[in-house]
Amino acid sequence: MMVTSLQSTVTLHNGVQMPWFGLGVFQVSDGQEVVDSVLAAIKAGYRSIDTAAIYGNEEGVGQAIKESGVDRSDLFITSKVWNADQGYETTLKAFDTSLQKLGLDYLDLYLIHWPTAGKYKDTWKALEKLYSEGRVKAIGVSNFHVHHLEDLLKDAAIKPMVNQVEYHPHLAQIELRAFCKEQGIQLEAWSPLKQGELLTNDTINAIATKYGKSAAQVILRWDLQNEVVTIPKSAKEQRIIDNANIFDFALAEEDMEAINRLNKDERVGPDPDNFNF
Ligand SMILES: NC(=O)c1ccc[n+]([C@@H]2O[C@H](COP(=O)([O-])OP(=O)(O)OC[C@H]3O[C@@H](n4cnc5c(N)ncnc54)[C@H](OP(=O)(O)O)[C@@H]3O)[C@@H](O)[C@H]2O)c1
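Heads up: the sequence shown begins at 0 in numbering that gives the first Met the number 0, then just goes up one per residue.
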């Protein structure tokens, strides 16, 4: 695996290049806060931005993309269809709304945000249509367990290119990671820092001291060495810069293993088998 810079990419199963590292913008307010965050990230060399219709900040993300002056073709923009919009026609409409808010004429990646029972197969058909029309370069899912993927794959014409799930040292997703690898579905980590909770972990801080790095940098490096795409969120410019400064060191196997041992299958977000939104 060649991950040498913030702009290094993984090749998805359809040939599309996706950056290994990006900025998440969940809980970043629309308007100046998200514009500043995205501009700071792009200035620091980030090329991948992860938003969603439900985050309510697609307009600000779009504004920052325009203001950045970076070619659209050099950026990788992800959004997601919200649960209330799932279903075939409603997803097509939601996609148009997201594009319009972002001010874009295509997305790089469009995801089903959650595996809404009884709906996600129709939603997937809509994503397949958008993909075949070239309006999105890659399609995928989010918060899908192995059983959701197996169910979807029974009827899918196109296999998802990405599954974006909660993933961090307390939730290493052993079974799901192996399944996705076997299927050629790229795993992507949300809440890679467990929303900040893991930054005070003693094991991670001891390793950080050893490498002269921060706890956040160690965790994000662990993601990449496990071949998981990662999209940490920060709304603070210095943290946005620092979080991405992970391409000048490598964790030794013993340190990877020490972090692996922290796994306790513990979530900070909802379990995809039991969500009520
Ligand atoms: N698909 C899904 O269902 C789903 C669900 C959740 C998240 N996501 C995506 O994944 C992205 C990341 O997840 P997340 O935002 O939940 O959590 P996260 O990236 O694990 O953690 C973000 C939190 O950590 C803080 N932080 C970031 N860098 C830091 C640093 N270097 N030092 C100290 N604190 C730091 C941030 O605060 P400051 O902003 O104050 O720096 C924020 O409170 C989201 O933004 C979103 O794009 C997707």
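We put the CB at the ideal spot given by N, CA and C, even for glycine.
Counting along the chain, A188 sits inside the beta strand (DSSP E) bounded by residues Q185 to W189.
According to the DSSP assignment, M255 belongs to the alpha helix (DSSP H) that extends over E252 to N259.
Between the segment 237-257 and the segment 197-213 there are three or more C-beta pairs closer than 8 Å, enough to call the two in contact. Between A234 and V27, the C-beta spacing is below 9 Å.
Remark: the shortest separation between the CB of S67 and any heavy atom of ligand 1 does not fall under 8 Å. A distance below 7 Å between beta-carbons, with the five flanking residues on each side excluded, links K100 to the following residues of its chain, in chain order: E57, E58 and G61. Here L175 has V145 as same chain residues with Cβ atoms under 6 Å from its own Cβ, once five neighbours each way along the sequence are excluded. Checking the 8 Å criterion, the Cβ of A93 is out of range of every heavy atom belonging to ligand 1. Excluding residues up to 5 positions away in sequence, nothing lies with its Cβ nearer than 6 Å to the Cβ of T96 in the same chain. When DSSP reads this structure, A116 sits in no beta bridge, so it has no partner. Closest in alpha carbon position to L129, among A156, I206, D272 and H169, is A156. Counting only the Cα atoms, D222 lies some 24 Å from P114.
Buried is the label assigned to G139, since at least 16 other Cβ atoms lie within 10 Å of its Cβ. Closest in C-alpha terms to E196, from the list P231, N162 and K153, comes P231. Taking C-alpha positions only, I206 is separated from L5 by approximately 22 Å. Apart from the 5 residues on each side of it in sequence, N242 sits with its Cβ closer than 8 Å to the Cβ of A215, Q216, L219, P231 and S233 in its chain, given in chain order. Burial state of L152 is exposed, judged by a 10 Å Cβ sphere holding fewer than 16 other Cβ atoms.
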